[in-house]
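Asker:
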Amino acid sequence: MKSLDPRITRLSIADSEARYRPQKSPEQLITFEVFLQKKENTPFEHVGIVHAPDRSLALILAKEQFSRRSTCRGMMVVNSSDVLVSPYTDLGEDVYSDGDFELSDNFKSTEASEQSYSIFHLTQRGKQHKLAGSLIAKSFGEALDKAKVQFKEDIPVLNVWLVKDHDTLSFSEDDKDIWDTLPDKFHRDVTSYRAKDRMESFKANNRTFR
Amino acid sequence: MKDLAVKELLYKIADDLLILGHRNSEWTGLGPILEEDIAFSSMAQDKVGQSLAFYSLLHKKGEADPDTIAFMRKAENFHNSQFVELPIGEYDFSLIRHFLFDHADYIRFSSLANSSNQEISQISKKLTGEIKYHLMHANSWITKLGNGSDESIQRLQNSLDLALPYALGIFEKSPFEEIIIEEKIFDGEFFIKQYWSEEIAKIISKTDLGLPDLESLNPIYGGRTGQHTYHLQPLLNEMSEVFKLDPTADW
Numbered sequence: 039m040k041s042l043d044p045r046i047t048r049l050s051i052a053d054s055e056a057r058y059r060p061q062k063s064p065e066q067l068i069t070f071e072v073f074l075q076k077k078e079n080t081p082f083e084h085v086g087i088v089h090a091p092d093r094s095l096a097l098i099l100a101k102e103q104f105s106r107r108s109t110c111r112g113m114m115v116v117n118s119s120d121v122l123v124s125p126y127t128d129l130g131e132d133v134y135s136d137g138d139f140e141l142s143d144n145f146k147s148t149e150a151s152e153q154s155y156s157i158f159h160l161t162q163r164g165k166q167h168k169l170a171g172s173l174i175a176k177s178f179g180e181a182l183d184k185a186k187v188q189f190k191e192d193i194p195v196l197n198v199w200l201v202k203d204h205d206t207l208s209f210s211e212d213d214k215d216i217w218d219t220l221p222d223k224f225h226r227d228v229t230s231y232r233a234k235d236r237m238e239s240f241k242a243n244n245r246t247f248r
Numbered sequence: 285m286k287d288l289a290v291k292e293l294l295y296k297i298a299d300d301l302l303i304l305g306h307r308n309s310e311w312t313g314l315g316p317i318l319e320e321d322i323a324f325s326s327m328a329q330d331k332v333g334q335s336l337a338f339y340s341l342l343h344k345k346g347e348a349d350p351d352t353i354a355f356m357r358k359a360e361n362f363h364n365s366q367f368v369e370l371p372i373g374e375y376d377f378s379l380i381r382h383f384l385f386d387h388a389d390y391i392r393f394s395s396l397a398n399s400s401n402q403e404i405s406q407i408s409k410k411l412t413g414e415i416k417y418h419l420m421h422a423n424s425w426i427t428k429l430g431n432g433s434d435e436s437i438q439r440l441q442n443s444l445d446l447a448l449p450y451a452l453g454i455f456e457k458s459p460f461e462e463i464i465i466e467e468k469i470f471d472g473e474f475f476i477k478q479y480w481s482e483e484i485a486k487i488i489s490k491t492d493l494g495l496p497d498l499e500s501l502n503p504i505y506g507g508r509t510g511q512h513t514y515h516l517q518p519l520l521n522e523m524s525e526v527f528k529l530d531p532t533a534d535w
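Taken in sequence, the protein lines are chains X and F. Using our numbering, you'd call the opening residue of the first sequence number 39 and step up by one each time. Using our numbering, you'd call the opening residue of the second sequence number 285 and step up by one each time.
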């Protein structure tokens, strides 16, 4: 099979083999939610997910997946199934004033030990969840109750995520030098490519292309 | 003499980075999973960018401009180790090469961060964060797959056995080795190799992979003096194809 891409030609795939074959069963790795801190002393914000075999690799893969377009000085991942998600409200209602909602079984804890929880708020549909803060509680239920008071916002909170900090993984402070060269990578920014001037001068010098 | 020694050091570092960066970029679009494809491509781009930093320094010292150095030299004028010019093979080989090479480069950059040559130490300090991440990535995959299935362990072991003699070629000594060390420009290849063997052994010991006695292997030298495998010239032809269409073009 010959391709315009020399790497494909090099694989010497027989023409009879070169056809699309749908996968028998879709095999996917589990997903992890990724949160990014753009600058020092700004809140972590959700940016998307990665598929990964485990949490350490999720953090490693997230680093390149999500820091190629924005500045970054911190990143955190958590298994999607470890995130408690509140119901979404309609018509800009505040989820905290809607009253308690039923927690699914894996978020109803039986232990009574104190843990640190982080709370993320969505204040605008179409935007991302932002870290509101962390607090100590003995269960997800108690953390939610405390958050309602401690992290009250002036505007309605449309959706709330909670995680146990113990379930999250971040890059350590010792490793913050991995972000050092990000500001230098102008080639990643589309605005660095000033094609217009060159096109104008090309047209000026080549009458046939006017 | 010192000037020649510094240039020779810069060429071999930059050539390794350019050639390996190019090789790793051959995985773009063909990686095993999307996120890994992106990460590996991004790191390949980092390596090419790092080579540019060293070629720019060479240009300041009177060598040709970076584009000319990168795209117009023949294979016999390249100083990369033979290790980095080998074809990408399957993903296990590329991961093993990534693991072995990046450990060496992390130690190399950390050493050069203390160089008596200001410009070299500045560049090296700046790039340490990048190579640190590359190493985290390599260690994670080798640890994961080295503790994985029979297939992943077997594949990594085969690639490791194939790669090691070539990897030792990274530490081929320069004709200016003594001057470089005396002038405290660089700690030298022997120093790098010592730390490198300890570091790779640490990671390998946490897997089901076996590391042979490195002293029992025959290092494959030659790259540093322009003796390359038949793989390098086709790589250079492909890499420089677009540039050579019009070397004077404005990009």
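Glycine included, every Cβ here is placed at the ideal spot set by N, Cα and C.
1) For the segment 427-440 of chain F against the segment 495-505 of chain F, do three or more pairs of beta-carbon atoms, one drawn from each stretch, fall closer than 8 Å, so that the two count as touching?
2) In whole angstroms, what is the alpha-carbon distance linking ILE407(F) and ARG232(X)?
3) Would you say TRP217(X) reaches chain F, if we count a Cβ-Cβ gap shorter than 8 Å as a contact?
4) Can you have a look at GLU65(X) and say buried or exposed, based on whether 16 or more other CB atoms are within 10 angstroms of its CB?
5) Across the segment 207-220 of chain X and the segment 175-184 of chain X, are there enough close Cβ pairs to call them in contact, namely three or more that are closer than 8 Å?
6) Would you mind listing the beta strand (DSSP E) stretches within the segment 128-178 of chain X that are 3+ residues and don't spill past its ends, in chain order?
7) For TRP535(F), count neighbouring C-beta atoms within 10 Å of its own C-beta (all shown protein chains included) and say buried if the count is 16 or more, exposed if not.
8) Apart from the five residues just before and just after PHE224(X), which ones in its own chain have a Cβ nearer than 8 Å to its Cβ?
9) Any heavy atom of the ligand NAD within a distance shorter than 7 Å of the CB on SER408(F)?
10) Check the Cβ of VAL88(X) against every Cβ in chain F and list those closer than 7 Å, keeping chain order.
11) When Cβ atoms are compared, which residues of the segment 411-427 of chain F fall closer than 8 Å to chain X?
12) Pull up the DSSP beta-bridge partners for HIS84(X), would you.
13) Do the CB positions of SER400(F) and PHE475(F) come within less than 8 Å of each other?
14) Could you give the residue range of the alpha helix (DSSP H) that holds MET114(X)?
15) What are the boundary residues of the alpha helix (DSSP H) that includes LEU384(F)?
16) Which residues in chain F sit within 9 Å of ASP213(X), going by Cβ to Cβ distance?
17) Considering only the beta carbon of each residue, do PHE178(X) and LEU207(X) sit closer than 8 Å?
18) With distances taken from CA atoms, which of SER210(X), LYS202(X) and SER154(X) is nearest PHE145(X)?
19) In terms of alpha-carbon separation, which member of SER172(X), GLU131(X) and LYS241(X) lies closest to PHE82(X)?
20) Assign VAL121(X) to one of three DSSP states: helix, strand, or coil.
21) Quick check: is the beta carbon of ALA298(F) nearer than 8 Å to any beta carbon in chain X?
22) Using a cut-off of 9 Å between C-beta atoms, extract the partners of ILE157(X) located in chain F.
23) For TRP217(X), report the span of its beta strand (DSSP E) as first-last.
24) Using 8 Å as the limit for Cβ to Cβ distance, is SER481(F) near chain X?
25) Can you tell me where the beta strand (DSSP E) holding TRP535(F) begins and where it ends?
26) Looking only at its own chain, which residues have a Cβ that is under 8 Å from the Cβ of PHE393(F), when we skip the five neighbours before and after it?
27) Cutting at 6 Å between CB atoms, please list the residues of its own chain near PHE158(X), excluding the five before and the five after it.
28) Where does the unbroken beta strand (DSSP E) through ASP200(X) begin, and where does it stop?
29) Quick one: does PRO81(X) have its CB under 8 Å from some CB of chain F?
30) Based on Cα-Cα distance, which residue from ASP530(F), PHE383(F), HIS363(F) and ASP330(F) lies nearest to GLU456(F)?
31) Using a Cβ-Cβ cut-off of 6 Å (strictly less than) and excluding sequence neighbours within five positions of ALA337(F), which residues of its own chain qualify?
32) Can you tell which of LEU99(X), GLU191(X), SER94(X) and ASN79(X) has its C-alpha closest to the C-alpha of ASP132(X)?
33) Return the chain-ordered list of same chain residues with a C-beta closer than 6 Å to the C-beta of ALA56(X), the five sequence neighbours on each side being excluded.
34) Closer than 6 Å by C-beta to GLU473(F): which residues in its own chain qualify, once you throw out the five before and the five after it? Chain order, please.
35) Return yes when the Cβ of VAL88(X) is within less than 8 Å of the Cβ of PHE70(X), no when it is not.
36) Would you call ASN308(F) buried or exposed, if buried means 16 or more other Cβ atoms sit within 10 Å of its Cβ?
Answerer: Let's see:
1) Counting Cβ pairs under 8 Å, fewer than three are found: no touch.
2) Distance between the alpha carbons of ILE407(F) and ARG232(X) is about 28 Å.
3) At least one chain F Cβ lies under 8 Å of TRP217(X).
4) Exposed.
5) As far as the Cβ criterion goes, the segment 207-220 of chain X does not touch the segment 175-184 of chain X, which means the pair count is below three.
6) For the segment 128-178 of chain X, whole beta strand (DSSP E) runs of length 3 or above, ordered along the chain, are 153-160 and 168-175.
7) Exposed is the label assigned to TRP535(F), since fewer than 16 other Cβ atoms lie within 10 Å of its Cβ.
8) Excluding sequence neighbours, PHE224(X) sits near SER230.
9) Because no ligand of any kind appears in the structure shown, any question about the ligand NAD cannot be addressed here.
10) Per Cβ cutoff of 7 Å: GLU319.
11) Result list: LEU411, THR412, GLY413, GLU414, LYS416, TYR417, MET420, HIS421, SER424 and TRP425.
12) For HIS84(X), DSSP records a beta bridge to PHE73(X).
13) In this structure, SER400(F) lies away from PHE475(F), with their beta-carbon atoms at least 8 Å apart.
14) Not the alpha helix (DSSP H): MET114(X) falls in the beta strand (DSSP E), residues 112-117.
15) For LEU384(F), the enclosing alpha helix (DSSP H) starts and ends at 375-396.
16) Neighbours of ASP213(X) on chain F, chain order: GLY413, LYS416, TYR417 and MET420.
17) No.
18) Of SER210(X), LYS202(X) and SER154(X), the residue nearest in Cα terms is LYS202(X).
19) The candidate whose alpha carbon is nearest that of PHE82(X) is SER172(X).
20) The answer is coil: DSSP assigns VAL121(X) none of H, G, I, E or B.
21) So no, ALA298(F) is outside the interface.
22) The premise fails here: ILE157(X) is roughly 27 Å from chain F at the closest Cβ pair, so nothing lies under 9 Å.
23) For TRP217(X), no beta strand (DSSP E) run applies, since DSSP gives it neither H nor E.
24) It does not: the Cβ of SER481(F) has no partner Cβ on chain X nearer than 8 Å.
25) Unbroken run through TRP535(F): none, as it is neither H nor E.
26) Setting aside the 5 residues that flank it on each side, PHE393(F) is surrounded in the same chain by SER408, LEU411, THR412 and ILE415, each with a C-beta closer than 8 Å to its C-beta; the list follows chain order.
27) So the qualifying residues of the chain are HIS167, LEU169 and TRP199.
28) Rather than Asp, the amino acid found at residue 200(X) in this sequence is Leu. Where LEU200(X) is concerned, the enclosing beta strand (DSSP E) stretches over 197-202.
29) Nearest CB-CB separation between PRO81(X) and chain F: not below the 8 Å threshold.
30) Checked all of ASP530(F), PHE383(F), HIS363(F) and ASP330(F); the closest Cα to GLU456(F) is HIS363(F).
31) Counting only Cβ-Cβ distances below 6 Å, and skipping sequence neighbours, we find ILE407.
32) For ASP132(X), the nearest C-alpha among the options comes from GLU191(X).
33) Here the set comprises MET39.
34) Scanning its chain for C-beta atoms nearer than 6 Å, with the 5 sequence neighbours on each side dropped, one finds around GLU473(F) the residues PHE455 and LYS457, in chain order.
35) Contact check for PHE70(X) against VAL88(X) passes: the beta carbons are separated by less than 8 Å.
36) By the 10 Å Cβ count, ASN308(F) comes out buried.
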